[in-house]
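Chains as they are written, first to last, in numbering that gives the first Met the number 0: chain E, 0 to 225; chain P, 0 to 225; chain L, 0 to 225; chain D, 0 to 225. Encoded as structure tokens, the structure appears first; notes follow it.
4 protein chains.
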Amino acid sequence: MSEARSGGDKPRRRQARGERRIAQLLDAAANVFCSVGYRAASTNAIAREAGVSPGTLYQFFPNKEAIGDALSQRLVIEMRNVHGTALSLDHSALGLRELLDRVIDPLVDFNLENPVCFALFHGPDMPQRFDEEHDLLEKAILDQVKTIFAGRAPQLERSALDRTADICWHTFKGVLQAMFEKEDEAERHALVPELKKLLYGYLEPIMGEDAPALRPQAVRGTAGRA
Amino acid sequence: MSEARSGGDKPRRRQARGERRIAQLLDAAANVFCSVGYRAASTNAIAREAGVSPGTLYQFFPNKEAIGDALSQRLVIEMRNVHGTALSLDHSALGLRELLDRVIDPLVDFNLENPVCFALFHGPDMPQRFDEEHDLLEKAILDQVKTIFAGRAPQLERSALDRTADICWHTFKGVLQAMFEKEDEAERHALVPELKKLLYGYLEPIMGEDAPALRPQAVRGTAGRA
Amino acid sequence: MSEARSGGDKPRRRQARGERRIAQLLDAAANVFCSVGYRAASTNAIAREAGVSPGTLYQFFPNKEAIGDALSQRLVIEMRNVHGTALSLDHSALGLRELLDRVIDPLVDFNLENPVCFALFHGPDMPQRFDEEHDLLEKAILDQVKTIFAGRAPQLERSALDRTADICWHTFKGVLQAMFEKEDEAERHALVPELKKLLYGYLEPIMGEDAPALRPQAVRGTAGRA
Amino acid sequence: MSEARSGGDKPRRRQARGERRIAQLLDAAANVFCSVGYRAASTNAIAREAGVSPGTLYQFFPNKEAIGDALSQRLVIEMRNVHGTALSLDHSALGLRELLDRVIDPLVDFNLENPVCFALFHGPDMPQRFDEEHDLLEKAILDQVKTIFAGRAPQLERSALDRTADICWHTFKGVLQAMFEKEDEAERHALVPELKKLLYGYLEPIMGEDAPALRPQAVRGTAGRA
DNA sequence: GATGAATGAGGATTCATTCAT
DNA sequence: TATGAATGAATCCTCATTCAT
Chain E
0 MSEARSGGDK PRRRQARGER RIAQLLDAAA NVFCSVGYRA ASTNAIAREA GVSPGTLYQF
60 FPNKEAIGDA LSQRLVIEMR NVHGTALSLD HSALGLRELL DRVIDPLVDF NLENPVCFAL
120 FHGPDMPQRF DEEHDLLEKA ILDQVKTIFA GRAPQLERSA LDRTADICWH TFKGVLQAMF
180 EKEDEAERHA LVPELKKLLY GYLEPIMGED APALRPQAVR GTAGRA
Chain P
0 MSEARSGGDK PRRRQARGER RIAQLLDAAA NVFCSVGYRA ASTNAIAREA GVSPGTLYQF
60 FPNKEAIGDA LSQRLVIEMR NVHGTALSLD HSALGLRELL DRVIDPLVDF NLENPVCFAL
120 FHGPDMPQRF DEEHDLLEKA ILDQVKTIFA GRAPQLERSA LDRTADICWH TFKGVLQAMF
180 EKEDEAERHA LVPELKKLLY GYLEPIMGED APALRPQAVR GTAGRA
Chain L
0 MSEARSGGDK PRRRQARGER RIAQLLDAAA NVFCSVGYRA ASTNAIAREA GVSPGTLYQF
60 FPNKEAIGDA LSQRLVIEMR NVHGTALSLD HSALGLRELL DRVIDPLVDF NLENPVCFAL
120 FHGPDMPQRF DEEHDLLEKA ILDQVKTIFA GRAPQLERSA LDRTADICWH TFKGVLQAMF
180 EKEDEAERHA LVPELKKLLY GYLEPIMGED APALRPQAVR GTAGRA
Chain D
0 MSEARSGGDK PRRRQARGER RIAQLLDAAA NVFCSVGYRA ASTNAIAREA GVSPGTLYQF
60 FPNKEAIGDA LSQRLVIEMR NVHGTALSLD HSALGLRELL DRVIDPLVDF NLENPVCFAL
120 FHGPDMPQRF DEEHDLLEKA ILDQVKTIFA GRAPQLERSA LDRTADICWH TFKGVLQAMF
180 EKEDEAERHA LVPELKKLLY GYLEPIMGED APALRPQAVR GTAGRA
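Here it is as structure tokens:
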């Protein structure tokens, strides 16, 4: 009778309603987190924003942190999709410039559409960098980046590789932050080509423009230039 | 040697203790803000960290926000010094690489020594981006950066100049963030040369390596390379 | 029988408990205000007196002042009823003595049953003489008194009328205060006839004993006696 | 060396300074009590009003209540003077009207000049009706009033006498309150004759107009008139 | 004596969480 | 399930009072 899956679609429908409620609540939480930050976001405010009572919120989340966790996880899943598409495909045939296009554009788009990422994943506001999921994700992202970089700059040793990826990732986030600070949509997007120039100027000396698939066997150590 | 000595120092005598207390409290606040953020920092925690009672804190600051304000202001003053030295001197005879050295090093040093800057001036946690002073400071910094850039890339039009400075500033902050995430001192500082390479790679195509003072009369358009 | 019954009573169901709580809290507040005054009344004490937790109090009142306001308003409403009945009916056929009976008795009764009126509406203790509502009420009361007086002493000019009403009102309050200072119920009520004598002695020379409806057209200016 | 009275006038002068300080502080306290009441008056505010530091205040008063006590006592002394002059002299030769003049005028004057009396001696704000001194004083005043009344209305029995005096005293205070509510000096004083009429109208039926010294031996029963 | 900083208990208020309906 | 009232610990802040200078 409870938690049943015996008969037809009744539990299904319940489940469905629950899912909707959860989505609703997470959306509300995202909004509230965005405007006031995690700590200052009261669960009551989230419930109000979602148009439900506090009690209802606690029907779905055991506590405030769980809301952040769930939101974080949802974002991580979406990010995984976006980054999977952007990073995990085969880039070995692309030129560096094209590679940057393929990777940066979707990431920028996703982040601009989900500003809560910044609210959640930055600053000392939240409890332990929400969910190790996110750290895992960042690690995964960096690993993918490193794999790509390793394919294009085989001569790089581990530590240099790490550092390079790290720099790119934080530069990306820094410029993203710049975008959030612009009110004007046009100005925002005008930063994208600059970001690409920035990373291109940094990476080209390290790994060259050419796709690894097109290169002769001999790797030219352009990294030595730095 | 410093502070009051001319005229009557009677009204100062007592103040001395007070001034020390204020500094003490601001230091404590900086620590607490750093570790848990502004919102989560309880005034009692700050007082405890400073080794005084809550009442004492309120003898000097009317409320919690005022603490953030005062800390912010203190940082702004220190930043003004550092940036004044770093940015306002005559760079016209320096090569771009040298310029970056002269500017980036002190800024990095200052920020690593005052990590509270990041805690205070980022995220939606604090009330109104603490004190418009800071915004003014950022604007001033950017203006100085723009002045330098304009001297080296006279062909740049206003909007491009703005964008270029903006990108540099946020890249700087992004890499700074990366530094904060490293536990290891050596790894931290290993990011500095990368930051310089990054910015050099971005700026060189725009303004060239040469100092403006050393250039032949005709300066032109190396930006075209990008 | 009273309250919601038309239309949807769904939003009312819950409210019922709330309304009861509010009344309960106001009663508690009245008690506490009475015994220690507004300022010294702690919200926790009020909550305790009402048998609820501090949080519950704040579910219904945003702050301490709001409690005073609400209580004030409730009293004003009740006073309006009592005074409406006492003052707004037609007194033109009553002798002065009977008039005083009809007016004074219910007012005294009400005030003895609601001693908080004195606690709230006197002294510099409370924020801005709680709610302009009360001032409006006092003004309304005085206006009604003046109307009655004007009907009985048409020769009185405005300023004298104002003064007469004022004196009566404050005398009433003064004697009320005397009643509050008596422990003994009998002694308390023994003051009522004295109050009436007092006011009769003051008013009779001004407006005579006779009801205006019963007087011949000529009005005798007994006020001149004073 | 301390507290000495050995030598000449040094301790005198000290004493004198102390007295001045105390007066200064009591004046300040009177002001603050008047504007915000006893409870809301912070000792720091009183010290500030007096132009001294909190520490200094506590050099002269062990605690806040002591300030109220001292102020109360000072007022009581002054009141004793005023009332002594007004009430304790021989009134047996005066007519009632003249008696009221002699008594009411100085009392009104004193109270208007010392509004703190109202702040201190009314309402539930202060700790136990400040100092039994004041209660004693009130009792003394009432006793004097009763003595006078007894001389003029020998037929009155004890309880009626008490009540009569009580009524007069509270009526006086009620009208005083009315005076404090007027901004305009002229309006204020216009209430004095009304107060006299009021009391005259009340007392005349009880004790007649004539002074007891002038009456024939058989005095009786004018009270019956009321 | 005077000063102003220091203290800490107490009071107002918030908010995550629970519970009765 | 949904609701909204209930809870109480934690937080910000005040203020009577004390203390070092």
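By construction, the Cβ of each residue, glycine as well, lies at the ideal position given by its N, Cα and C atoms.
Chain D contact for residue i (CB, 8 Å cutoff)
| i | result |
| --- | --- |
| L:Lys172 | yes |
| L:Leu106 | no |
| L:Gly36 | yes |
| L:Pro211 | no |
| L:Gln176 | yes |
| L:Pro53 | no |
| L:His121 | yes |
Residue i at chain P interface by Cβ criterion, 8 Å
| i | result |
| --- | --- |
| E:Arg162 | yes |
| E:Ala145 | At residue 145 of chain E the sequence reads Lys, which differs from the Ala that was named. Output row for E:Lys145: interface = no. |
| E:Asp134 | no |
| E:Lys196 | yes |
| E:Pro114 | no |
| E:His188 | no |
Proximity test, Cβ basis, 8 Å: residue i and chain L
| i | result |
| --- | --- |
| D:Gln154 | no |
| D:Gln72 | no |
| D:Asp124 | yes |
| D:Arg47 | no |
| D:Glu39 | The residue you asked about is not Glu; residue 39 of chain D is Ala in the sequence shown. Yes, D:Ala39 counts as interfacial toward chain L. |
| D:His90 | no |
Presumed contact (8 Å Cβ cut-off) between residue i and residue j, rounded CB distance
| i | j | result |
| --- | --- | --- |
| D:Val102 | D:Ala85 | 5 Å |
| D:Phe148 | D:Thr163 | 6 Å |
| D:Trp168 | D:Leu141 | 6 Å |
| D:Leu197 | L:Leu197 | 7 Å |
| E:Val75 | E:His133 | 6 Å |
| E:Lys195 | E:Leu99 | 5 Å |
Environment of residue i [buried if 16+ CB atoms lie within 10 Å]
| i | result |
| --- | --- |
| D:Asn80 | exposed |
| L:Ser71 | buried |
| E:Ala185 | exposed |
| D:Asn110 | buried |
| L:Ile166 | buried |
| L:Leu119 | buried |
| P:Lys138 | exposed |
| P:Arg19 | exposed |
| L:Glu193 | buried |
| D:Asp124 | buried |
| L:Arg157 | exposed |
| D:Asp68 | buried |
| E:Ala225 | No answer about E:Ala225 holds up, because its pLDDT of 39 lies below 50 and its placement is not dependable. |
| D:Arg16 | exposed |
| P:Leu175 | buried |
| P:Gly36 | buried |
| P:Ala22 | exposed |
| E:Ala212 | exposed |
| D:Ala65 | exposed |
| E:Gly200 | buried |
Short CB-CB distance (under 8 Å) between residue i and chain E
| i | result |
| --- | --- |
| P:Gly200 | yes |
| P:Glu208 | no |
| P:Ile166 | yes |
| P:Glu193 | yes |
| P:Pro61 | no |
| P:His169 | yes |
Inter-stretch contact at 8 Å, needing at least 3 Cβ pairs: the segment 55-72 of chain E / the segment 83-91 of chain E = no
Kindly confirm or deny that the segment 95-112 of chain P and the segment 196-206 of chain P touch, where touching means at least three C-beta pairs closer than 8 Å.
-> yes
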